[in-house]
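Heads up: the sequence lines are chains A and B, in that order.
So the first sequence is residues 2 to 116, counted in this note's numbering.
So the second sequence is residues 7 to 118, counted in this note's numbering.
Yeah, the Cβ is synthetic: ideal placement off N, Cα and C, and Gly gets one too.
No experiment lies behind these values; they were computed from the predicted model shown.
One structure is given below, encoded as structure tokens.
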Amino acid sequence: DARVTQTPRHKVTEMGQEVTMRCQPILGHNTVFWYRQTMMQGLELLAYFRNRAPLDDSGMPKDRFSAEMPDATLATLKIQPSEPRDSAVYFCASGLGQEDTDTQYFGPGTRLTVL
Amino acid sequence: DQQVKQNSPSLSVQEGRISILNCDYTNSMFDYFLWYKKYPAEGPTFLISISSIKDKNEDGRFTVFLNKSAKHLSLHIVPSQPGDSAVYFCAARNTNAGKSTFGDGTTLTVKP
């Protein structure tokens, strides 16, 4: 049963601290997405990778957020320094990269609380 | 500018009745549409999709209708079951862009 995994599932940290969230996409998937869900803004796309290359990170605050794929089995989202407004659930999703019918498989999310 | 809108934050229906969830989009370049369902403490899961070359797609109790001229799609669930209670996200994409734009979601509650 292939699934997207995310760690940690929950993170509580203090303002100013660095936060790193990790995602393991489904083996064989070549697209990876990072989303943020808040009460106010639904599902917001932060970054999108295809074959490990970043294609779109226009939704991500560049001054504090960074997303990388060190290898095909790991995607990371880092916030430095974190702020209370970053509190949200962060989802990673992966897909096969099919141009027309591609669906995304989501991980369970990382619930981040910044105090 | 929100390109995908789900104007009803919540919907409550009785078990056995029809649930209709609506979604509007503004970008005429969108040519593929998806619905995802999300339970609490879980990630969204794919439910059903439709290409812009169709106006209807059916999968069991779930049917998605697309009205391109109105830039409107809807998800029908018949009959509704308590297990259908979840948040439903509408998503739209342009197949050349490679990414989907999501609405804010509609929380469906099906009462026994």
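Let me see if you follow: with CB-CB separation under 8 angstroms, is residue i close to chain A or not?
i: Ile46 of chain B; result: Note that residue 46 of chain B is Pro in the sequence shown here, rather than Ile. So no, Pro46 of chain B is outside the interface.
i: Asp110 of chain B; result: yes
i: Ser106 of chain B; result: yes
i: Leu40 of chain B; result: yes
i: Ser55 of chain B; result: yes
Based on the DSSP output, what are the partners of residue i in its beta bridges?
i: Glu45 of chain A; result: A:Arg37
i: Lys44 of chain B; result: B:Val93
i: Ala94 of chain A; result: A:Phe34 and A:Phe107
i: Met22 of chain A; result: A:Leu78
i: Lys117 of chain B; result: B:Gln20
i: Thr69 of chain B; result: B:Glu64 and B:His82
i: Asp72 of chain A; result: A:Leu75
i: Ile26 of chain B; result: B:His82
i: Phe108 of chain B; result: B:Ala97
i: Arg4 of chain A; result: DSSP, once it has assigned bridges, lists no residue as partnering Arg4 of chain A.
i: Ser55 of chain B; result: B:Leu40
i: Ser67 of chain A; result: A:Lys79
i: Lys12 of chain A; result: A:Leu113
i: Pro55 of chain A; result: A:Phe50
i: Ala89 of chain A; result: A:Leu113
Give a yes or no on whether the C-beta atoms belonging to residue i and residue j are separated by under 8 angstroms.
i: Pro109 of chain A; j: Gln7 of chain A; result: yes
i: Arg53 of chain A; j: Ala89 of chain A; result: no
i: Val84 of chain B; j: Ile24 of chain B; result: yes
i: Leu17 of chain B; j: Leu114 of chain B; result: yes
i: Asp57 of chain A; j: Lys105 of chain B; result: yes
i: Leu78 of chain A; j: Ala94 of chain A; result: no
i: Val5 of chain A; j: Phe107 of chain A; result: yes
i: Ser83 of chain A; j: Val20 of chain A; result: yes
Got a sec: is the Cβ-Cβ distance from residue i to anything in chain B below 8 angstroms?
i: Gly110 of chain A; result: yes
i: Leu97 of chain A; result: no
i: Arg51 of chain A; result: yes
i: Asp57 of chain A; result: yes
i: Thr104 of chain A; result: yes
i: Leu113 of chain A; result: no
i: Gly43 of chain A; result: yes
(message) Whether or not the region 32–52 of chain B and the region 73–85 of chain B are in contact is what I'm after, with contact meaning three or more pairs of Cβ atoms, one per stretch, closer than 8 angstroms; do they touch?
(response) yes
(request) Count the C-beta pairs between the region 37–57 of chain B and the region 93–100 of chain B that are closer than 8 angstroms, then say yes if the count reaches three, no if not. (result) yes
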